[in-house]
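Participant: Mind having a look at this structure? Questions to follow.
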Amino acid sequence: MFSLRSSIILLLVLFVPFLLRLLGSEPYPAVLLPSNAETILKNNFLTIKNIRLFGIRNDRSWEEINKMVFFEPIPLEHAGIILMSHLFLNANRIPQDSKKDVLYRKLGLLRNRTLSASDIYELHTWIKSRLSANGFATAKIRIAVYRENVLIQTGAVIKKEILYEQVYTLD
Amino acid sequence: MSRFIRWINTINNRFWVRISTNIPVNVASLCIFRIITGLFLLIIFLPDFTWMSKLPRAFFRPPVLSLANLSTGFPNKYFFLALDVLLLVASLCITTGIKAKIASRIFVILSLVGLNFQYSFGKIDHSILLYCLLFCLSFTNWGTQLSLVPDKIRHSKYDQKALSLFAVLICFAFFSAGFEKALKWINSDFNSSGTANWMYTGYYAFDRQFLLAPWGKSFPFGAQKLMDYCAVVFELSPLVMLLISPRSWKIWLLTACIFHIMNTLFLNISFTFNAIIYLVFCDFSFLYKAIATLLSRAVFRLIAVPATVLIVVLRLTNIFTCTAASNLFFSGRLIEANLYVATLVWILITLIFIKASFKIEREKMSA
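These protein sequences, in sequence, are chains A and B.
Every letter in the first sequence is one number past the one before it in the working numbering, and letter 25, counting from 1, is 95.
Every letter in the second sequence is one number past the one before it in the working numbering, and letter 281, counting from 1, is 283.
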């Protein structure tokens with residue numbers, strides 16, 4: 071069967087990515103399954119952070135945008151970081167490089183993530199096309215972050231507060 | 003020192019011999035499994051990437067140690083079109099047995115290239131075991147029989163090695179999922195639960211509210227804590243079960259299928275791409291004669307050829323219209339419909355597993 075040398079190489083191939091994930095940088099490809107070992111306390115309600123998008127309809131009223139339709143064709147589960155970064159429209163909201171990121175960049179393992187003027191133009195064009203495809207005016211988009219306390223059994227929102235809200239002009 | 007190395011060497015040999023003893027391999031079964039895998043790829047799960055071709059570069063955020071870091075942004079449409087069409091061709095070659103060995107390797111390499119770009123949005127999915135399966139099986143004789151253009155026959159020791167390695171990869175993958183859970187979930191604090199976190203966060207934050215999810219969230223908190231213990235034991239036990247006996251390994255695999263059915267029903271997490279991986283340990287040799295006879299019949303070809311053409315046309319339509327759809331029936335945005343497909347697939351896989359493992363085993367023993 072497998073020699074000792076092959077087994078040691080196999081162990082390295084398996085454990086190095088595993089340790090990297092434990093340190094917070096999951097590489098790909100790697101033989102790993104999702105862990106998510108977070109726990110929740112027994113409580114009647116759950117606090118969730120909900121990022122919502124709003125567009126302007128023809129009658130100039132703001133209306134919530136269906137995120138799944140807006141991000142089409144990106145599957146919603148992959149749009150999480152785009153949402154958390156507020157569609158990359160606000161430089162302050164884009165996750166800043168950690169010390170690890172700076173190190174990885176020096177080692178050439180991570181690309182520079184700053185956006186050029188043409189990137190921003192391309193991004194605005196894409197957002198406008200998605201707004202237009204969903205029947206919204208293309209001039210503005212509003213992003214609001216809510217903190218909601220939801221009753222676990224019924225799903226009723228018992229407390230809702232706005233953490234952040236901003237209107238972005240796209241033209 | 004040399005004594006120590008000899009001792010380690012002995013343990014290493016015993017470990018692999020034990021595993022290979024507990025995983026009986028049969029070439030006829032592997033060849034039938036190749037056809038099942040090919041059909042699975044064509045109908046149930048074929049990765050597709052053309053939908054990424056029109057996205058802005060701002061969304062391109064590859065993780066560290068990703069091949070995508072070699073690129074400055076998402077490649078153009080023709081790159082992804084070529085990737086998707088070649089993946090379709092490779093899965094056709096696997097199904098029909100046209101140089102299945104090389105087709106499997108091409109499928110794995112192309113998929114990993116595409117997935118590196120897909121995970122550049124910042125989230126990594128964990129479908130890796132499917133590609134590990136195809137890669138391991140590309141070293142076996144699975145393309146030597148029931149094939150249009152068969153591969154050269156290799157020594158059967160490679161079949162044994164490949165399957166043993168794949169079994170260890172499954173064990174490690176589940177260990178990687180269970181290790182952190184064991185540290186945080188195994189305690190006597192009945193006021194905290196990891197299962198409840200999956201259940202409630204999924205339901206309210208990610209809108210996973212289909213199938214039996216509304217019923218699942220009303221489980222008593224204590225029961226969810228007990229599920230924490232079960233999940234950790236399940237995820238950390240495969241290597242032990244693999245080393246005990248062939249039967250214990252199959253019991254663990256069957257538990258894995260049931261675990262996935264539960265996850266699909268209650269958490270709406272389907273992991274459909276894993277559905278095929280457990281079947282490789284089944285013995286399908288009882289079907290060999292019937293399938294060989296069927297393949298040689300003209301009537302079967304009259305049905306199979308148009309059916310394959312239809313599948314290819316549907317897949318190409320999805321590719322050229324940039325529709326993200328891993329299965330043949332529904333686009334990715336029809337979440338509930340896809341969950342129904344996943345549930346049916348998992349139930350079918352579980353039934354096939356029971357039939358091709360335990361029932362055949364019992365029949366052999368009674369014979």
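Each residue gets a CB set at the ideal place from its N, CA and C atoms; glycine is no exception.
What are the uninterrupted segments assigned as alpha helix (DSSP H) that are 4 or more residues long and contained completely in the segment 257–329 of chain B, given in chain order?
Facilitator: The segment 257–329 of chain B contains these whole alpha helix (DSSP H) runs: 290–298 and 300–322.
Participant: Is there a Cβ of chain A sitting closer than 8 Å to that of residue 324 of chain B, yes or no?
Facilitator: Translated into positions along the second sequence, residue 324 of chain B becomes position 322. So yes, residue 324 of chain B belongs to the interface.
Participant: Determine the chain A residues that contact residue 338 of chain B at a beta-carbon separation under 8 Å, and present them in chain order.
Facilitator: Position 336 of the second sequence, counting from 1, holds the residue named residue 338 of chain B. None at all; the shortest Cβ gap to chain A is about 12 Å.
Participant: Is the beta carbon of residue 138 of chain B less than 8 Å from the beta carbon of residue 105 of chain B?
Facilitator: To locate residue 138 of chain B, count along the second sequence from 1; it is residue 136. To locate residue 105 of chain B, count along the second sequence from 1; it is residue 103. No, the pair does not count as a contact, with Cβ atoms beyond the cut-off.
Participant: Check whether the Cβ of residue 334 of chain B lies closer than 8 Å to any Cβ atom in chain A.
Facilitator: Indexing the second sequence from 1 puts residue 334 of chain B at position 332. It does; some Cβ of chain A falls within 8 Å.
Participant: For the segment 112–141 of chain B, list every residue whose C-beta sits within 9 Å of some C-beta in chain A, in sequence order.
Facilitator: Per Cβ criterion, the list reads 114, 117, 118, 120, 121, 123, 124, 125, 126, 127, 128, 130, 131, 133 and 134.
Participant: Expressed to the nearest angstrom, what Euclidean distance is found between the alpha-carbon atoms of residue 210 of chain B and residue 107 of chain A?
Facilitator: Working through the second sequence from its first residue, we reach residue 210 of chain B at position 208. Working through the first sequence from its first residue, we reach residue 107 of chain A at position 37. Distance between the alpha carbons of residue 210 of chain B and residue 107 of chain A: 19 Å.
Participant: Going along the chain, which residues of its own chain have a beta-carbon closer than 6 Å to the beta-carbon of residue 325 of chain B, five neighbours each way excluded?
Facilitator: Counting from 1 along the second sequence, the entry for residue 325 of chain B is found at position 323. Counting only Cβ-Cβ distances below 6 Å, and skipping sequence neighbours, we find 333.
Participant: Does the segment 172–192 of chain A come close enough to the segment 79–86 of chain A that 3 or more CB-CB pairs lie under 8 Å?
Facilitator: Touching, no.
Participant: When you check each C-beta in the segment 84–96 of chain A against every C-beta of chain B, which residues fall closer than 9 Å?
Facilitator: Correct list: 84, 85, 87, 88, 90, 91, 92, 95 and 96.
Participant: Less than 8 Å between CB atoms is the rule here; does residue 211 of chain A satisfy it with respect to chain B?
Facilitator: As a working note, residue 211 of chain A is residue 141 in the first sequence. Cβ-Cβ to chain B under 8 Å: no for residue 211 of chain A.
Participant: Rounded to a whole number of angstroms, what is the C-alpha to C-alpha distance between residue 317 of chain B and residue 28 of chain B?
Facilitator: By 1-based counting over the second sequence, the position of residue 317 of chain B is 315. By 1-based counting over the second sequence, the position of residue 28 of chain B is 26. Distance between the alpha carbons of residue 317 of chain B and residue 28 of chain B: 32 Å.
Participant: Give the C-beta separation of residue 213 of chain A and residue 146 of chain A to the nearest angstrom, bearing in mind that I take them to be a contact with Cβ-Cβ under 8 Å.
Facilitator: Position 143 of the first sequence, counted from the start, is the residue given in the question as residue 213 of chain A. Position 76 of the first sequence, counted from the start, is the residue given in the question as residue 146 of chain A. The Cβ separation is near 16 Å, so there is no contact.
Participant: Pull the bridge partners of residue 115 of chain A from the DSSP assignment, please.
Facilitator: Looking up residue 115 of chain A in the first sequence gives position 45. In DSSP, residue 115 of chain A forms a bridge with A/221.
Participant: Take the Cβ of residue 156 of chain A as the centre, count every other Cβ of all protein chains shown within 10 Å, and call the residue buried at 16 or more, exposed below.
Facilitator: Residue mapping note: residue 156 of chain A aligns to position 86 of the first sequence, counting from 1. The residue is buried, with at least 16 neighbouring Cβ atoms inside 10 Å.
Participant: Using a C-beta to C-beta distance shorter than 7 Å, which residues of chain B count as neighbours of residue 223 of chain A?
Facilitator: Indexing the first sequence from 1 puts residue 223 of chain A at position 153. Those are 220, listed as they occur along chain B.
Participant: I need the straight-line Cα distance from residue 109 of chain B to residue 88 of chain B, nearest angstrom please.
Facilitator: Mapped onto the second sequence, residue 109 of chain B falls at position 107. Mapped onto the second sequence, residue 88 of chain B falls at position 86. Their Cα atoms are separated by approximately 8 Å.
Participant: Mind checking which residues open and close the beta strand (DSSP E) that includes residue 229 of chain A?
Facilitator: Counting from one through the first sequence, the residue named residue 229 of chain A turns up at place 159. Counting along the chain, the beta strand (DSSP E) containing residue 229 of chain A begins and ends at 227–239.
Participant: Cβ of residue 258 of chain B within 8 Å of Cβ of residue 280 of chain B?
Facilitator: Taking the first residue of the second sequence as position 1, residue 258 of chain B is located at position 256. Taking the first residue of the second sequence as position 1, residue 280 of chain B is located at position 278. Against a cut-off of 8 Å, the Cβ pair of residue 280 of chain B and residue 258 of chain B comes out as a contact.
Participant: Are residue 100 of chain A and residue 271 of chain B closer than 8 Å when you measure CB to CB?
Facilitator: Numbered from its first residue, the first sequence carries residue 100 of chain A at position 30. Numbered from its first residue, the second sequence carries residue 271 of chain B at position 269. Taking 8 Å as the Cβ cut-off, residue 100 of chain A and residue 271 of chain B do not qualify as a contacting pair.
Participant: Nearest by alpha-carbon distance to residue 68 of chain B: which of A/137, A/149, A/118 and A/97 is it?
Facilitator: The count along the second sequence starts at 1 and reaches residue 68 of chain B at position 66. It is A/97.
Participant: Please list the residues of the segment 94–114 of chain A that have a C-beta atom closer than 8 Å to any C-beta atom in chain B, keeping them in chain order.
Facilitator: Those residues of the segment 94–114 of chain A that come within reach of chain B (Cβ to Cβ, closer than 8 Å) are 95, 96, 97, 98, 99, 100, 101, 102, 103, 104, 105, 106, 107, 108, 109, 110, 111 and 112.
Participant: Where does residue 157 of chain B land, buried or exposed, given buried means 16+ other C-beta within 10 angstroms?
Facilitator: Along the second sequence, read from residue 1 onward, the residue named residue 157 of chain B stands at position 155. Classification of residue 157 of chain B: exposed, given that the 10 Å Cβ count is below 16.
Participant: Evaluate the contact criterion for the segment 340–351 of chain B versus the segment 259–269 of chain B: three or more CB pairs, one atom per stretch, below 8 Å.
Facilitator: Yes: at least three Cβ pairs fall under 8 Å.
Participant: Put residue 120 of chain A into one of helix, strand or coil per three-state DSSP.
Facilitator: Counting from one through the first sequence, the residue named residue 120 of chain A turns up at place 50. DSSP places residue 120 of chain A in strand when its eight states are reduced to three.
Participant: Compute the distance between the beta-carbons of residue 113 of chain B and residue 70 of chain B, then report whether it is under 8 Å.
Facilitator: Indexing the second sequence from 1 puts residue 113 of chain B at position 111. Indexing the second sequence from 1 puts residue 70 of chain B at position 68. No. Outside cutoff.
Participant: Using 8 Å as the limit for Cβ to Cβ distance, is residue 5 of chain B near chain A?
Facilitator: Position 3 of the second sequence, counting from 1, holds the residue named residue 5 of chain B. For residue 5 of chain B, the answer is no, since every Cβ of chain A falls outside 8 Å of its Cβ.
Participant: Can you give me the start and stop residues for the alpha helix (DSSP H) that residue 200 of chain B sits inside?
Facilitator: Within the second sequence, the letter at position 198 stands for residue 200 of chain B. Residues 196–207.
Participant: Would you say residue 220 of chain A lies against chain B (beta-carbon separation less than 8 Å)?
Facilitator: Against the first sequence, residue 220 of chain A aligns to sequence position 150. By this cut-off, residue 220 of chain A is an interface position.
Participant: Residue 158 of chain A CB to nearest chain B CB: under 8 Å?
Facilitator: What you label residue 158 of chain A is simply residue 88 of the first sequence in a count that begins at 1. Interface residue, yes.
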